[in-house]
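Going by my numbering, the residue at position 29 of the sequence shown is 91; the numbering climbs one at a time, nothing skipped.
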Amino acid sequence: MLCNVNLLQPQRDDKTLLSKETHRDQRQMFLNLDGTTSAFGATERNAVNNDIIEKYASQAYRTLCLAYRDVDVTPEVVKNWSDEEIETDLTCICIVGIEDPVREEVPESIRQCNEAGIVVRMVTGDNIVTAKSIALKCGIISPNDGSLVMEGSVFRARVLDANGNIKQDEFDKIWPMLRVLARS
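Have a look at this one:
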């Protein structure tokens with residue numbers, strides 16, 4: 063998660079502008095086109111996730127939610143806030159998708175690695191849908207090739223025991239087909 067707190071100093075007030083990489087439950091309001099705000103509850107969050115975020119992710123876009131909150135504290139106080147304090151009572155301004163295009167030479171390099179018997183795997187912090195879309199564009203996976211695309215938390219839950227030790231039998235079932243590890 064990326065969260066930047068930028069202290070703005072217009073004439074009299076300090077304001078905090080927050081930009082977030084992920085869409086979180088802490089956001090409670092949404093800024094309308096006319097400048098008013100509306101409640102941003104579970105129904106609205108689900109609609110945004112299904113209609114916007116998943117659509118962007120399937121096109122290999124990284125999703126950014128820009129949000130703000132006016133605060134009446136000094137910059138020194140804000141610097142000591144926890145992430146949870148920063149992420150509370152935000153008003154979502156917009157959600158945008160940005161593309162970090164695959165460099166032109168990457169698919170060919172991956173093809174050459176595959177021809178040489180080298181298995182290319184992708185480990186990323188991206189959303190699993192975004193990661194899969196990028197892996198398809200690069201040639202790391204192909205549709206219906208049986209490759210595994212997993213989130214890091216799912217992978218760890220399957221291959222680690224309660225003490226954090228590797229369960230070798232489970233690991234051996236997964237790693238041969240694992241090509242993409244997302245949200246790692």
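Beta carbons: idealized from backbone N, C-alpha and C, even for Gly.
The model shown is predicted, which means the values in this text are computed figures rather than measured ones.
Taking its Cβ as the centre, do 16 or more other Cβ atoms sit within 10 Å of residue i, making it buried, or is it exposed?
{"i": "V135", "result": "exposed"}
{"i": "E149", "result": "buried"}
{"i": "K229", "result": "exposed"}
{"i": "A122", "result": "buried"}
{"i": "N94", "result": "exposed"}
{"i": "A129", "result": "buried"}
{"i": "D132", "result": "exposed"}
{"i": "D207", "result": "exposed"}
{"i": "T125", "result": "buried"}
Quick check on the DSSP output: the alpha helix (DSSP H) that includes residue i runs from which residue to which?
{"i": "V323", "result": "Outside the displayed span of the chain (63 to 246) sits residue 323, for which this structure offers no information."}
{"i": "L198", "result": "190 to 200"}
{"i": "E161", "result": "That residue, E161, is in no alpha helix (DSSP H); its beta strand (DSSP E) goes 152 to 161."}
{"i": "V242", "result": "That residue, V242, is in no alpha helix (DSSP H); its beta strand (DSSP E) goes 240 to 244."}
{"i": "P169", "result": "168 to 177"}
{"i": "I148", "result": "145 to 148"}
{"i": "D231", "result": "230 to 236"}
Let's see if you can read the secondary structure: which residues bound the beta strand (DSSP E) around residue i?
{"i": "L93", "result": "89 to 93"}
CB-CB under 7 Å to residue i, same chain, minus the five flanking residues each way: which ones, in chain order?
{"i": "S120", "result": "V191, S195"}
With DSSP as the reference, label residue i as helix, strand or coil.
{"i": "I203", "result": "coil"}
{"i": "V182", "result": "coil"}
{"i": "E83", "result": "Residue placement at E83 is flagged as unreliable, the pLDDT there being 42, under the threshold of 50; a coordinate-derived value is accordingly withheld."}
{"i": "V164", "result": "coil"}
What residues in its chain sit with their C-beta under 6 Å from that of residue i, if we drop five residues either side in the sequence?
{"i": "V211", "result": "K194, V242"}
As an exercise, report each continuous alpha helix (DSSP H) stretch of at least 4 residues that is fully enclosed by the region 100 to 142, in chain order. 104 to 110, 116 to 120, 137 to 141
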